[in-house]
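In our numbering, the protein residues as written are 5 to 375.
Note that the Cβ used here is the ideal one computed from N, Cα and C, for glycine as well.
All values derive from a computational prediction rather than experimental measurement.
Read through the structure below, which is laid out as structure tokens, and then see the notes.
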Amino acid sequence: MGVLYQLSKPTNELNLDPSIHACPGLRTRGGRLTDDDDRPRRTKLIFLLLVLCALCYTFAAIAGKSYYEILQVPKGASDEQIKRAYRKLALKYHPDKNQGNEEANKKFADINNAYEVLSDSEKRSIYDRYGEEGLKQHAASGGRGGGGGMGMNINDIFADFFGGRSMEDEEKIVKGDDVVVELDATLEDLYLGGSLNVWREKNILKPAPGKRRCNCRNEVYHRQIGPGMFQQMTEEEGYFITVDIEKGMQDGQEVVFYEDGEPIIDGEAGDLKFRIHTAPHDRFRREGNDLHTTITITLVQALVGFEKTIKHLDDHLVDIGSKAQGMRKFKGEGMPLHFSNKKGDLYVTFEVLFPTSLTEEQKTKIKAVLG
């Protein structure tokens, strides 16, 4: 049965129906109606609403801007992947290469800001859980945390309301095996940059009897092969993958295609990694960022000098003439440095081709000239 509250006149005093005094749990105190039993419940509900509002604000901040999208990496990217992505984008949008381009300058600033956060393990952890607003509150509190100024850790709040499990108890994602492919790249591609089309045969999950749905993104199919025994059904599909070779890449560096490796039940596929190796070249040999080549000259050329050019990897000509000195160094004619405008050096070794036989007349003339 409802209870009526009547205001006799515009005043702060409340006139109560006498029948109210018979209701259990209700008291008057100083002319005001109180409910001691409901007060803790109301307080807790108000607090929960405040927490939910804060959560909505945080999620909105995260959705508005993603540092992972700026660096073009997945959320689970490793430190090395983040560093590699940053270097690539920073070189592309560097102000020195985009003078007068305001859009490129803004992207460069965003890239630096994203890398500053994601390269710091503490900042990255805060950003992953609370977004940019969490970073601001962390900075405002001097890096000591504090759960938004309420004197409580927000993880403890969630532990209290949701069964004792804090947000730090993140579920580990199960991943399939990585597939590593050794890839030979030509010196021309490593000097100029290029791309290779590679045929990929990949295991995929195949429909089979005994379909079930799992708590992952894929539908996994099983075939029963015995009592209590099931087999995952897979088949292969083939397709071409374009692998980009960046200028100056070194042996052992990898080009990664995330989640394109082996699939796995109830988890994410592994990664496909192409590991770069420099293919043998008919004229040049690479050592780090330097190039080496050997030129054969005659004895006469070695003695009196010569004029000669060699064709470089991009077809420009390098003048190596004059007198031979065993080995000559040509600065800046080597391989480009990865993510840099600098280059290594070119070393040319001269091999003298001596005559295998001389007539007596030739020997006499040589002795006369050389003493």
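- Message: With three or more C-beta pairs closer than 8 Å as the rule, is the stretch 276-289 touching the stretch 244-259?
- Response: Result yes; three or more Cβ-Cβ pairs closer than 8 Å.
- Query: Do the stretch 346-359 and the stretch 322-336 meet, that is, are 3 or more Cβ pairs less than 8 Å apart?
  - Reply: yes
- Query: For the 8 Å Cβ check, are there 3 or more pairs between the stretch 97-111 and the stretch 288-299?
  - Reply: no
- Message: Please report the distance separating the alpha-carbon of Gly197 from that of Glu250.
- Response: 5 Å
- Item | Counted within 10 angstroms of its Cβ, other Cβ atoms place Glu337 as buried (16 or more) or exposed | buried
- Reduced DSSP category for Phe376 - H, G, I as helix; E, B as strand; rest coil: The requested residue 376 is not part of the displayed model; the chain covers only 5 to 375.
- Message: Along the chain, where does the alpha helix (DSSP H) containing His142 start, and where does it finish?
- Response: 125-144
- Sorted by chain position, which residues of the same chain lie with C-beta nearer than 8 Å to Glu192's C-beta, five sequence neighbours on each side aside? The answer, listed in chain order, is Gly198, Leu317, Asp318.
- Query: Under 7 Å, do Tyr134 and Val121 count as touching if we go by C-beta distance?
  - Reply: no
- Buried or exposed: Gln228, going by 16 or more other Cβ atoms within 10 Å of its Cβ? Here the model assigns Gln228 a pLDDT of 43, short of 50, so the residue's position is not dependable, and the following value carries that caveat. With fewer than 16 Cβ atoms within 10 Å of its Cβ, Gln228 is classed as exposed.
- Query: Where DSSP assigns a beta bridge to Ser199, which residues make up the other side?
  - Reply: Asp248
- Query: Just the Cα atoms here: how many angstroms apart are Val178 and Arg332?
  - Reply: 55 Å
- Message: So Glu266 and Val184 are supposed to be a Cβ contact under 8 Å. How far apart are they, rounded?
- Response: With a Cβ gap of about 11 Å, Glu266 and Val184 do not count as contacting.
- Mind checking which residues open and close the alpha helix (DSSP H) that includes Ile370? 364-374
- In DSSP terms, what Asp189 is bridged to: The sequence as given places Ala at residue 189; Asp does not occur at that position. DSSP lists Thr282 as partners of Ala189.
- Query: Taking the alpha helix (DSSP H) that Tyr90 falls in, what are its first and last residues?
  - Reply: 83-96
- Message: Using a Cβ-Cβ cutoff of less than 6 Å, which residues in the same chain neighbour Lys335 once the five nearest sequence positions on both sides are dropped?
- Response: Asp349
- Give the C-beta separation of Ala94 and Phe112 to the nearest angstrom, bearing in mind that I take them to be a contact with Cβ-Cβ under 8 Å. Contact holds; Cβ gap of about 7 Å.
- Message: Quick check on the DSSP output: the beta strand (DSSP E) that includes Tyr351 runs from which residue to which?
- Response: 350-357
- Is Phe288 helix, strand or coil by DSSP? Taken through DSSP and simplified to helix, strand or coil, Phe288 comes out as coil.
- On the premise that Asn201 lies in contact with Phe244, defined as a C-beta separation below 8 Å, what is that separation, rounded to the nearest angstrom? 5 Å
- Query: Where does Pro78 fall in DSSP's three states?
  - Reply: coil
- Item | Residues of its chain near Tyr119, where Cβ-Cβ distance is below 6 Å and the 5 sequence neighbours each way are ignored | Tyr90
- Message: Suppose contacts are defined by Cβ-Cβ distances below 7 Å. Is Glu258 in contact with Lys206 by that definition?
- Response: no
- Item | Thr297 beta carbon less than 7 Å from that of Arg287 | yes
- Going along the chain, which residues of its own chain have a beta-carbon closer than 8 Å to the beta-carbon of Asp188, five neighbours each way excluded? His281, Thr282, Ala283
- Message: Just verifying my parser: in three-state terms, what is the DSSP assignment at Phe310?
- Response: Looking at Phe310 - three-state DSSP - the assignment turns out to be strand.
- Message: In the DSSP assignment, the beta strand (DSSP E) including Lys347 goes from what residue to what residue?
- Response: Careful: Lys347 lies outside any beta strand (DSSP E) and carries neither H nor E.
- Task: Over the uninterrupted beta strand (DSSP E) stretch that includes Met331, give me the two end residues.
- Result: 331-334
- Determine the DSSP secondary structure at Glu107, reduced to helix, strand or coil. helix
- Could you pull out every residue in the same chain whose Cβ sits closer than 6 Å to the Cβ of Gly375, ignoring the five residues on either side in sequence? none
- Message: Taking CB distances under 7 Å as the criterion, tell me whether Leu276 reaches chain D.
- Response: Structure shown: chain D not included; a single protein chain is present.
- Cβ of Phe358 within 7 Å of Cβ of Leu276? no
- Query: When you compare each of Thr368, Met339, Glu186, Asn116 to Leu194 by their alpha carbons, which one comes out closest?
  - Reply: Ranking Thr368, Met339, Glu186, Asn116 by Cα distance to Leu194 puts Met339 first.
- Query: Quick one: what does DSSP say Ile301 is sitting in, helix, strand or coil?
  - Reply: strand
- For Asn102, I'd like the list of residues in its chain whose CB is within less than 6 Å of its CB, leaving aside the five on either flank, ordered along the chain. Excluding sequence positions up to five before and after Asn102, its CB lies within less than 6 Å of the CB of Ala108, all in the same chain and listed in chain order.
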